[in-house]
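Here the structure comes first, spelled out in structure tokens, and everything after it is commentary.
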Amino acid sequence: MEKPFPSLESLRRTMESCNHCGQCKWLLGPKTRGHDFSEICPIHQRYGFDAYSGQGLLNIAQELLEGELQYEDGLVELLYRCTTCGACDINCKSIRDMEVLETILALRAKVVADGWGPMPCHREQARAVAEHHNIYGRDHAERFAWLESSQSLAPESGVAYFAGCAAAYHYPGIARDTAKILNAGGVEFSVLHAEEYCCGGPLWRTGQWEEARKVAEHNLAALEKRGITTVITSCAECFGTFRGFYPRISPLRFEVLHITEVVRQLLAQGRLALRHGPRRKVTYHDPCLLGRLSEPYIPWNGEVKSFGRLDPPKEWRRGAGGVYDAPREVLRAIPGLEIVEMIRNEENSYCCGAGGGVADAFPEFSQWTSNERRREAESTGASAIVSCCPFCQGAFERARGAADGAMDYFDFTRVIAEALGE
Ligand code: SF4
Ligand code: SF4
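Written out as structure tokens, the structure is:
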């Protein structure tokens, strides 16, 4: 039986199934276009050793369990350099039935339980969330400072916009644009006001599962109390956390939509018209937690039988069910806007460098990863990157700040608000 919060021990089958084929480091052959942009794992591409890869992390997990490897600061640091982007997991699952990312996350939870992790900045985030309900330690009363009096809210509507910490405190423009888009499309919605806490995603992904569970339980109770039937997010991290983490606590009683999906619905219903488009070529970056890691959590209550056979068969999350079409279809509907694709796209997207607590713990490596992604974006001939996650925005902007003449970055909500004439 598989638990929603699996122990590392319970994932031995994955560790023992790894045959060191290396697929977790590379795009599948038919998807590559030469050597450049064929690597899929940022830590492996940057550091070059097997230990820095999905395969290596499985080996480390197994050796820690078997007592062949002991904790030390260097080992813990290595484990926290992984961005938890899940590219290894999806590429491994293209040929195997294994849970690579679940193992990496369970390894982090064990490191925390054993008192060796997380990194100090991650512990600080957990303290900030406990005291102020946001990862930045900012005043909780400022969380909805982005709300303008011109935005109309409908507290009884059953639809809630969940802004998340990053938009609320660092990118209020994303939250305002989301509200403008919903208002323009006639979507009646409310917000949780003081009841909105951090979604818990950054804590979950750094192994702080108890702390993540507490805020998730709070948000679930707040949504239930208001009778919410639809949650809309504009943040990929919140979206992936609602879909992949919250159902581990209790089955969701509401649907979760990303703003890209809502805009697609509104266009199909004729409730929005995108009239104002810049003559521009852009490339779309798939955030990990909106793409391959946004597939809903699927419980499995079977048993591992002889030869590793699973009874009953397990439904695997292989990344194909992520949100890929909605943002692309909407962007293509904007007059004059041309979309060109990067080689590593959709479930094979390359991480922006912000995930898994890496942006805070290892800013230099995070920036290196963002620059590698930006280099790929530039190779398409596009003049800007469009994506839909404030954490990705932060990563690309930090990389841009360090480079002369780097290409622009726009959040999806800004592009749509402009196309609406806002
Ligand atoms: S792709 Fe899977 S089986 Fe192959 S080395 Fe990586 S983790 Fe092991
Ligand atoms: S989650 Fe991402 S960074 Fe971590 S090992 Fe897998 S591919 Fe590499």
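At position 119 of the sequence shown the residue is numbered 119 (the working numbering), and the sequence of numbers has no breaks.
Glycine included, every Cβ here is placed at the ideal spot set by N, Cα and C.
Keep in mind that this is a model prediction, so the values were computed, not measured.
What number of angstroms, rounded off, separates the C-alpha of residue i from the C-alpha of residue j?
i    : j    : result
G200 : R248 : 13 angstroms
S38  : I343 : 8 angstroms
E341 : E303 : 41 angstroms
C235 : A167 : 7 angstroms
R264 : I232 : 13 angstroms
G29  : E372 : 20 angstroms
G394 : C165 : 13 angstroms
L289 : E237 : 6 angstroms
R275 : G421 : 8 angstroms
D73  : W146 : 40 angstroms
P172 : S157 : 23 angstroms
L75  : M119 : 12 angstroms
K281 : T84  : 30 angstroms
W300 : K314 : 6 angstroms
K318 : Q125 : The amino acid occupying residue 318 in the given sequence is Arg; Lys does not appear at that position. So the alpha carbons of these two residues sit roughly 30 angstroms apart.
E148 : P4   : 39 angstroms
E63  : A221 : 40 angstroms
L58  : P42  : 16 angstroms
K305 : N183 : 54 angstroms
V111 : G207 : 8 angstroms
Kindly indicate which three-state DSSP category residue i falls into: helix, strand or coil?
i    : result
Y47  : helix
T283 : strand
Y409 : strand
Y169 : helix
S366 : helix
V187 : coil
F144 : coil
V323 : coil
W26  : strand
L153 : coil
F5   : coil
I181 : helix
E376 : helix
D311 : strand
S53  : coil
E63  : helix
S17  : helix
A382 : coil
L337 : strand
E99  : coil
S349 : coil
A160 : strand
E295 : coil
S387 : strand
E196 : coil
E39  : strand
E303 : strand
G394 : helix
L289 : coil
N371 : helix
L422 : Sequence check: residue 422 is Glu here, not Leu. E422: coil per DSSP, three-state reduction.
Compare the C-alpha of residue i against each of the options and name the closest.
i    : options                   : result
R309 : P30, M98 and S94          : M98
R398 : H44, E102 and G353        : G353
Y161 : W300, Q45 and V256        : V256
D24  : A51, R123 and L8          : Here residue 24 turns out to be Cys, not Asp, going by the sequence shown. The candidate whose alpha carbon is nearest that of C24 is A51.
S387 : N345, S366 and D114       : N345
C198 : T206, V187 and K214       : K214
C389 : D311, E418, S294 and P4   : S294
E329 : I259, A377, F362 and S370 : I259
R143 : Q125, Y169 and L153       : Y169
C21  : M15, L11 and Q55          : Q55
R400 : T380, W368, V415 and A419 : W368
G357 : N59, N91 and E77          : E77
D411 : Q208, A175 and P251       : A175
V191 : L223, G185, A216 and A184 : L223
F49  : R81, I104 and H218        : R81
F245 : I298, D139 and A130       : I298
R127 : R279, P202 and H44        : P202
L272 : G185, R33, P251 and Y136  : G185
F365 : T14, A384 and F396        : F396
Take the Cβ of residue i as the centre, count every other Cβ of all protein chains shown within 10 Å, and call the residue buried at 16 or more, exposed below.
i    : result
Q70  : exposed
K225 : exposed
P335 : exposed
I461 : There is simply no residue 461 to check, as the chain begins at 1 and stops at 422 in what is shown.
S428 : What is shown of the chain runs 1 to 422, which leaves residue 428 out entirely.
N348 : buried
I416 : buried
E196 : buried
E210 : exposed
Q269 : exposed
Notebook entry, point to check: Unbroken alpha helix (DSSP H) runs of length 4 or more, entirely within the segment 208-280: which are they?
Noted result: 209-225, 236-244 and 259-268
> Which residue spans inside the segment 74-123 form an unbroken alpha helix (DSSP H) run of at least 4?
Replying inline: 87-93 and 100-113
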